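Trainee: Quick note, the sequences are listed as chains A and B, same order. Here the working numbering is used: the first residue of the first sequence is 21, the next is one more, and so on. Here the working numbering is used: the first residue of the second sequence is 7, the next is one more, and so on. Where a beta carbon is used, it is the ideal one built from N, C-alpha and C, also for glycine. As the structure is a computational prediction, the values presented were derived from the model and not from experiment.
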Amino acid sequence: MSAFTHPYFTHALLAGTAIALAAGLVGYFLVLRAQVFTGDALSHVAFTGALAALVLGYDLRSGLFAATVLFAVVLGALGRRSRADDIVIGSLFSWILGLGVFFLTLYTTSRNTGNGTAGVNVLFGSIFGLSAGQAQLAAAVAGVICLAVLAVARPLLFASVDEAVATARRVPVRLLGLAFLVLVGACAAEATQAVGSLLLLGLLAAPAGAAQRLTDRPYHALALSAGLAVAEMWAGLALSYYVPQLPPSFAIMAVATAVYAVALVGVRRPRALIGLAEA
Amino acid sequence: MNWADTGAGWSWNPVTDLQQIWAFPFMVNAFRAGTVVAVLAAVMGWFMVLRRQSFAGHTLAVVSFPGAACATLLGIGAGFGYFAFCVGGALVIAAIPRAALSGAGQSAGGQESALTGTVQAFLLACGFLFVALYKGFLGGVNSLLFGSFLGITTVQVTVLTVVAGLALGALAVIGRPLLFASVDENVAAGRGVPVRALSVVFLVLLGAATAEASQITGTLLVFALLVMPAAAAQQLTVRPALSLALAVVIAIAVTWTGLIAAYYSPYPIGFYVTTFAFAVYVLARAAHTLSTAVGRHRVVGAGAVA
């Protein structure tokens, strides 16, 4: 276990574990609520936010969080009842991505001292490049996200499974939806630092999809999703350490996809499915 | 990148401006290719918006990046990689969900989107791996992802036109039943329309369209050309044929203005195309909201008079 003697590896492990935990918890609800496309949109918004911050000379992470949380609030304000939603989200985020390209050009042409690979790093992540301070901050923020998700887990589960009944029981469904979107935004900004904005969707969707495949009971699935995400993160980091040709983002995604594929193909479920509401 | 430096600047006279732009053979090719791509993307996107398959469409669009990266790594033409990966991705998305999720109840929608998202993230990660294995390729990543209208050869334009013709021809053959199946799947299935087969064929055609379009607009911005003209057109009119034609017109207009703007400024074409398309979409929505408000007002007014 000589890997732990390298500070970059322990930093990556600390930040990666916390981020995977948050992504697993948030991802479970994302899949349950069938809002994966929203996660996809947020991941592209993260790119624009990061590059806008770079152009304006701020810290990259402040741009990430500002852009994703703002976009989440906008999505929440637009509401998720009307049928046009996917189209609205798609149009909005492809335009924001276009803005990101604009900032990328601005950044690479205006700053001769700037590193030309900044765009690629934001898109595909550079978890082995985190400093001690960055890793600790990322872990702390991820911890806050985890606590927030757990705090709203019960009512959020109710609202996700049966919105009408939850509304009748005076659960603040709309407020919960908005709070959840903000959490997804914060989680997307976090995960961008680990696996990059283009790949964070896999970290959100794959463990949650596998967990839902393996068990019907909501809390078990929630815990399993978080556990799978952390295990996949560790396996990916180890794989990338021992096979240096593999970039860590790819290794993590490959492990996550393999686990999901096994869950999808290997687990034969009874045809009569016990609904979540009865579990 | 500012090609206008080599000639006169913007003169506000469209005829001389276009003559000046088209003096460069590569710009003529860019306009030809852009027009072909705009027509194909608008038509495919129109059906995609109608069928609410924007997540699948976006995934297919993104999948062209690993395709191009893999082709570059293997040393074959990027065009092959685009088509192989996009059509392959379409088959995976079309094949797996129903087969693996048979009997799934309430969470089927969530599972299907989780699967689509995983496919997308994994293939993007593969693209990153190919790029990392092919060292010294990093500068090309941005043009793969965000597009470049420079250096399109006449051969490429021919290939694009042929593929677009084939795809549109296939779509014309299945157009009527596909429209039926998209508008009301259950009734269409009840009438014996092969809904499932149509959906697979449509996804493959969508894959071919995105493979085409990514060569111009780049992987990440194809989606803009697919979704926004169609969404704007469907806001403006509910009649299928009219809104389809409108989507094509909007797509061509947006692509041409994008090309012209990109020619006269140092910023990339992707930025202009998405911004113009989004502006058209916002205007269309505003017009829609306004007209329904006016219509409601009239109805209320008529009711009050009566």
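Are the beta-carbon atoms belonging to residue 273 of chain A and residue 128 of chain B less than 7 angstroms from one another?
Mentor: Translated into the one-based positions of the first sequence, residue 273 of chain A becomes position 253. Translated into the one-based positions of the second sequence, residue 128 of chain B becomes position 122. Contact: yes.
Trainee: Anyone know if the C-beta pair for residue 84 of chain A and residue 209 of chain A falls short of 7 angstroms?
Mentor: Sequence index remark: in the first sequence, residue 84 of chain A carries index 64 (1-based). Sequence index remark: in the first sequence, residue 209 of chain A carries index 189 (1-based). In this structure, residue 209 of chain A lies closer than 7 angstroms to residue 84 of chain A by Cβ.
Trainee: So, is the C-beta of residue 159 of chain B closer than 7 angstroms to a C-beta in chain A?
Mentor: Sequence index remark: in the second sequence, residue 159 of chain B carries index 153 (1-based). With 7 angstroms as the cut-off, residue 159 of chain B does not count as an interface residue toward chain A.
Trainee: Ignoring anything shorter than 4 residues or poking outside the segment 201-272 of chain B, list the alpha helix (DSSP H) runs there in chain order.
Mentor: Counting whole runs of 4 or more residues, the segment 201-272 of chain B contains the alpha helix (DSSP H) stretches 201-223, 228-242 and 246-270.
Trainee: Please classify residue 61 of chain A: does DSSP put it in a helix, a strand, or coil?
Mentor: Locating residue 61 of chain A in the first sequence gives position 41, counting from the first residue. Helix at residue 61 of chain A.
Trainee: Check each residue of the segment 41-70 of chain B: if its Cβ is closer than 7 angstroms to any Cβ of chain A, include it; give the result in chain order.
Mentor: Listed by position along the chain: 55, 58, 60, 61 and 64.
Trainee: For residue 221 of chain A, which residues in the same chain have their Cβ closer than 8 angstroms to its Cβ, ignoring the five residues on either side in sequence?
Mentor: Here residue 221 of chain A refers to the residue found at position 201 of the first sequence. Cβ within range, chain order: 56, 59, 60 and 63.
Trainee: Looking only at its own chain, which residues have a Cβ that is under 7 angstroms from the Cβ of residue 169 of chain A, when we skip the five neighbours before and after it?
Mentor: Translated into positions along the first sequence, residue 169 of chain A becomes position 149. The answer, listed in chain order, is 45, 46 and 203.
Trainee: Output, in chain order, the set of chain B residues within a Cβ distance shorter than 8 angstroms of residue 369 of chain A.
Mentor: With chain A covering only 21 through 299, there is no way to say anything about residue 369 of chain A.
Trainee: Does the Cβ-Cβ distance between residue 121 of chain A and residue 85 of chain B come in under 7 angstroms?
Mentor: As a working mapping, residue 121 of chain A is identified with position 101 in the first sequence. As a working mapping, residue 85 of chain B is identified with position 79 in the second sequence. Not a contact, by the Cβ cut-off of 7 angstroms.
Trainee: Checking contacts by CB at 7 angstroms: is residue 25 of chain B closer than that to chain A?
Mentor: Within the second sequence, residue 25 of chain B is the residue found at index 19, counting from 1. No - not a single Cβ of chain A is within 7 angstroms of the one on residue 25 of chain B.
Trainee: Select from B/269, B/196 and B/246 the residue whose C-alpha is nearest the C-alpha of residue 182 of chain B.
Mentor: Position 176 of the second sequence, counting from 1, holds the residue named residue 182 of chain B. If we check each option's Cα against that of residue 182 of chain B, B/246 comes out closest.
Trainee: Is the Cβ-Cβ distance between residue 29 of chain A and residue 23 of chain A less than 7 angstroms?
Mentor: Taking the first sequence and counting its residues from 1, the one referred to as residue 29 of chain A is at position 9. Taking the first sequence and counting its residues from 1, the one referred to as residue 23 of chain A is at position 3. Yes. Within cutoff.
Trainee: For residue 265 of chain A, is the classification buried or exposed, using 16 other Cβ atoms within 10 angstroms of its Cβ as the cut-off for buried?
Mentor: To locate residue 265 of chain A, count along the first sequence from 1; it is residue 245. By the 10 Å Cβ count, residue 265 of chain A comes out exposed.
Trainee: At what residues does the alpha helix (DSSP H) containing residue 31 of chain A begin and finish?
Mentor: Against the first sequence, residue 31 of chain A aligns to sequence position 11. Residue 31 of chain A -> alpha helix (DSSP H) spans 27-52.
Trainee: Thinking just about the alpha-carbon of each residue, which of B/81, B/152, B/295 and B/302 is nearest to the one in residue 5 of chain B?
Mentor: Here chain B comprises residues numbered 7 to 312, so residue 5 of chain B is not present and cannot be evaluated.
Trainee: Would you call the segment 39-55 of chain B and the segment 250-261 of chain B touching, i.e. three or more CB-CB distances under 8 angstroms?
Mentor: Yes, since at least three Cβ pairs between the segment 39-55 of chain B and the segment 250-261 of chain B fall closer than 8 angstroms, the two stretches touch.
Trainee: With a cut-off of 7 angstroms, does the C-beta of residue 206 of chain A fall near any C-beta of chain B?
Mentor: If you number the first sequence from 1, residue 206 of chain A lands on position 186. So no, residue 206 of chain A is outside the interface.
Trainee: Could you name the residues of chain A that residue 235 of chain B contacts, counting a contact when the two beta carbons are closer than 9 angstroms?
Mentor: Translated into positions along the second sequence, residue 235 of chain B becomes position 229. None at all; the shortest Cβ gap to chain A is about 10 angstroms.
Trainee: Along chain A, in chain order, which residues have C-beta atoms closer than 8 angstroms to that of residue 117 of chain B?
Mentor: Within the second sequence, numbered from 1, the residue matching residue 117 of chain B stands at position 111. Within chain A, the residues near residue 117 of chain B are 51, 229, 232 and 233.
Trainee: For chain B, check one thing: does any of its Cβ atoms lie closer than 7 angstroms to the Cβ of residue 36 of chain A?
Mentor: The count along the first sequence starts at 1 and reaches residue 36 of chain A at position 16. Taking Cβ atoms only, chain B never reaches closer than 7 angstroms to residue 36 of chain A, which makes this a no.
Trainee: In chain order, which alpha helix (DSSP H) runs of at least 4 residues are fully inside the segment 62-92 of chain B?
Mentor: Segments of the alpha helix (DSSP H) lying fully in the segment 62-92 of chain B: there are none.
Trainee: Are the beta-carbon atoms of residue 201 of chain A and residue 54 of chain A separated by less than 7 angstroms?
Mentor: For the purposes of this step, residue 201 of chain A is identified with residue 181 of the first sequence, where counting begins at 1. For the purposes of this step, residue 54 of chain A is identified with residue 34 of the first sequence, where counting begins at 1. Their beta carbons are not under 7 angstroms apart, which means residue 201 of chain A does not touch residue 54 of chain A by this criterion.
Trainee: So, using beta-carbon positions, are residue 225 of chain A and residue 48 of chain A closer together than 7 angstroms?
Mentor: Locating residue 225 of chain A in the first sequence gives position 205, counting from the first residue. Locating residue 48 of chain A in the first sequence gives position 28, counting from the first residue. It is not a contact, given that the beta carbons lie outside the stated cut-off.
Trainee: Mapping the DSSP letters down to three states, classify residue 159 of chain B as helix, strand or coil.
Mentor: In the second sequence, counting from the first residue as 1, residue 159 of chain B sits at position 153. Coil.
Trainee: Can you give me the Cβ contacts of residue 205 of chain B inside the same chain, cut-off strictly under 6 angstroms, excluding the 5 residues immediately before and after it?
Mentor: In the second sequence, the residue the question calls residue 205 of chain B occupies position 199. Here the set comprises nothing.
Trainee: Could you pull out every residue in the same chain whose Cβ sits closer than 7 angstroms to the Cβ of residue 80 of chain A, ignoring the five residues on either side in sequence?
Mentor: As a working mapping, residue 80 of chain A is identified with position 60 in the first sequence. Closer than 7 angstroms at the Cβ level, and outside the excluded window around residue 80 of chain A, lie 70, 73 and 74.
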